[in-house]
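Residue numbers (my numbering): 45 to 200.
No residue lacks a Cβ here, since even glycine has one placed at the ideal position from N, Cα and C.
A short write-up of the structure that comes next.
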Amino acid sequence: MRGCDLLTIGELAARTGLSVSAIRFYEGRGLVSPIRTSGNQRRFLRSDIRRLSFTLIAQKLGLTIEEICAELAQLPQGRTPTQADWERISRHFRKEIDRRIALLERTRDTLDSCIGCGCLSLKTCGLYNPGDRLAVNGPGPRFVLSANETRPDLDQ
Numbered sequence: 045m046r047g048c049d050l051l052t053i054g055e056l057a058a059r060t061g062l063s064v065s066a067i068r069f070y071e072g073r074g075l076v077s078p079i080r081t082s083g084n085q086r087r088f089l090r091s092d093i094r095r096l097s098f099t100l101i102a103q104k105l106g107l108t109i110e111e112i113c114a115e116l117a118q119l120p121q122g123r124t125p126t127q128a129d130w131e132r133i134s135r136h137f138r139k140e141i142d143r144r145i146a147l148l149e150r151t152r153d154t155l156d157s158c159i160g161c162g163c164l165s166l167k168t169c170g171l172y173n174p175g176d177r178l179a180v181n182g183p184g185p186r187f188v189l190s191a192n193e194t195r196p197d198l199d200q
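Laid out in structure tokens, this is it:
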């Protein structure tokens with residue numbers, strides 16, 4: 045590998061907009077693996093720009109470092125990922141993004157009236173959940189967090 049194909053940590057920081065300390069953090073988590081020079085300096089592959097950019101986007105979407113690591117572990121080390129590599133990861137992330145969008149939409153659509161927590165603090169809680177009967181289904185905001193649980197019918 046030619047030296048001009050490698051980036052210093054400062055160059056990688058400039059290209060990604062990350063701080064040097066953030067790159068070291070991601071290195072420690074295994075998201076990038078620098079090559080060490082004979083003087084023990086870090087050198088990064090150009091493909092690490094894409095790996096870190098992907099990481100930033102995934103974090104903005106709310107994915108954890110562990111989830112991101114699992115996906116990036118499927119990408120090849122030492123070469124720039126191909127379109128097929130990214131499409132494979134994109135298909136998997138699309139499902140997670142769609143799940144999160146659905147949660148946000150449920151939250152948006154129910155938050156003003158009732159979040160289904162059984163708190164009985166809103167007038168509608170007395171209608172949807174009289175006597176806190178939904179407590180048998182478990183704790184928390186049931187209608188928002190569970191895609192499978194629906195509000196009880198008011199006629200029950």
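Boundaries (first-last residue) of the alpha helix (DSSP H) holding residue i
{"i": "L96", "result": "S91 to K104"}
{"i": "A117", "result": "Where A117 is concerned, there is no enclosing alpha helix (DSSP H), given that its DSSP letter is neither H nor E."}
Beta-ladder partner(s) of residue i, from DSSP
{"i": "L51", "result": "F88"}
{"i": "R80", "result": "R86"}
Under the three-state DSSP convention, the category residue i falls into
{"i": "R73", "result": "coil"}
{"i": "S134", "result": "helix"}
{"i": "G175", "result": "helix"}
{"i": "T126", "result": "coil"}
{"i": "T108", "result": "coil"}
{"i": "S63", "result": "coil"}
Cβ separation of residue i and residue j, assumed to be a contact under 8 Å, to the nearest whole Å
{"i": "L62", "j": "L105", "result": "That pair is no contact at about 17 Å."}
{"i": "I93", "j": "T60", "result": "6 Å"}
{"i": "V64", "j": "I53", "result": "5 Å"}
{"i": "I112", "j": "L75", "result": "7 Å"}
{"i": "H136", "j": "E115", "result": "7 Å"}
Nearest neighbour of residue i, chosen from the options [CA to CA]
{"i": "G72", "options": "S82, R150, G83 and E110", "result": "E110"}
{"i": "F88", "options": "Y70, R150, L56 and F98", "result": "L56"}
{"i": "L51", "options": "E115, R138 and Q85", "result": "Q85"}
{"i": "R90", "options": "L100, D49 and I101", "result": "D49"}
{"i": "D129", "options": "Q118, K139 and C113", "result": "Q118"}
{"i": "E140", "options": "A102, F98, P183 and I67", "result": "A102"}
{"i": "L107", "options": "R144, N181, A66 and G175", "result": "R144"}
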